[in-house]
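Visitor:
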Ligand SMILES: *Cc1c(COP(=O)(O)O)cnc(C)c1O
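Numbering (the working numbering), first residue to last: 28 to 420.
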């Protein structure tokens, strides 16, 4: 069956990439093999020289991984996709493939903690420097650009404050400076936001989150054009080795098949929970881009199809109240993961953002009372009833 780029997202997610084998299997097969066999010495030579396409070794290509890559590329609207062992491996491979000694990154200040350490501690050792700016202030991005700036990097909406970055505006700033714009699209997935259409050059993912959707496997991906991703990032992957396993790729490609349905329900549950929390007398503030009180709701609606599954709130009473609510609720899992069918609840100030200095936390808006919820797929009425009991204790 041939693939059709004009298909809708759900059809692309369900039908792209599967070449049925002679067994006639309906569901995609898993190919757990490290190497592939050649018919002759001459064929082996032709594969290695690149004269003949085909599999050689699973660090380079694997048929199950390739189905996942083709599906995600189709959904993001990109020419090429390479799958990686984790979300962080995707970001590392992107930087190694597209930057060199002496280059400069301008990055949003509100990025995943490990991304921040990768830039500030490890890339710095190899002569790549980073300047951090406020996600919302386009002027600050412009001012931070230097002659050697080669990459702009952001996540939107941000974690845990749900601030929204203007992808189209930042892509203009990047391209005026001969830099590329990289967007970590983990929180939205291509179902809610397609950064390449808005002007981004490269999209990175942690497949560990919504793409898996049930908290089972680690994985990541990089999507973009043939040159940047298909050549440069792929070259790092096949050489340095943080590739995705065939089994994980199978879990993720099955995850993509239900992604559209799941994202719709994550968003619906989050919207209801955010609205209920906002009206609760023991809640001081709720951060969720789908609320009228969110200062960037209009921008979110311009670039996303729905507001997402992550919200944060601040209860009356600071850290003591936050911890009391977390300990008294019974349904949500106290864990740092997100994008799971199971709702997760986190205290960023003492976990994901504990490494920041007090001053950095103030700049990031992470108050001692802040609580983040990765809203899952349980009945939202049950989540509300459970939180209501916890808030009254
Ligand atoms: C989890 C996460 C990552 C890192 O992904 P891993 O799969 O844990 O390596 C990167 N970016 C964002 C926004 C994340 O939430």
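Heads up, the beta-carbon is just placed ideally off N, CA and C, and yes, glycines get one too.
#1: Given 8 Å as the limit, tell me if residue 188 has its C-beta closer than that to any heavy atom belonging to ligand 1.
#2: Which residue's Cα is closest to the Cα of residue 141: 409, 378, 414 and 413?
#3: In three-state DSSP terms, what is residue 332?
#4: Have a look at residue 190 and residue 52 and give me their C-alpha separation to the nearest angstrom.
#5: Less than 8 Å between C-beta atoms, sequence neighbours within five positions excluded: which residues of the same chain meet that for residue 259?
#6: Measuring CB to CB, does residue 232 end up less than 9 Å from residue 206?
#7: Kindly examine ligand 1 and report whether one of its heavy atoms sits closer than 8 Å to the Cβ of residue 141.
#8: At the level of alpha carbons, what is the spacing between residue 359 and residue 410?
#9: Suppose you measure from the CA of residue 413 to the CA of residue 356; what does that come to, to the nearest Å?
#10: Just reading off the alpha helix (DSSP H) that residue 74 is part of, what are its end residues?
#11: DSSP state of residue 224, grouped into three classes?
#12: Measure the Cβ-Cβ separation of residue 159 and residue 198 and say whether it is below 9 Å.
#13: Considering only DSSP beta bridges, list what residue 157 is partnered with.
#14: Just to check my reading of the structure: residue 275 and residue 402 have Cβ atoms closer than 8 Å, yes? What is that Cβ distance to the nearest angstrom?
#15: Round the Cβ separation of residue 391 and residue 263 to the nearest angstrom and send it over; I've been treating them as touching at under 8 Å.
#16: Name the residue from 88, 322 and 312 whose alpha carbon lies nearest to the alpha carbon of residue 163.
Guide: Checking against the coordinates, here is how it stands:
#1: no
#2: 378
#3: coil
#4: 45 Å
#5: 124 and 125
#6: no
#7: yes
#8: 8 Å
#9: 6 Å
#10: 68-76
#11: coil
#12: no
#13: 132
#14: That belief does not hold up - the Cβ atoms of residue 275 and residue 402 are roughly 25 Å apart, past 8 Å.
#15: Going by Cβ atoms, the distance from residue 391 to residue 263 rounds to 31 Å, so no, they are not a contact pair.
#16: 322
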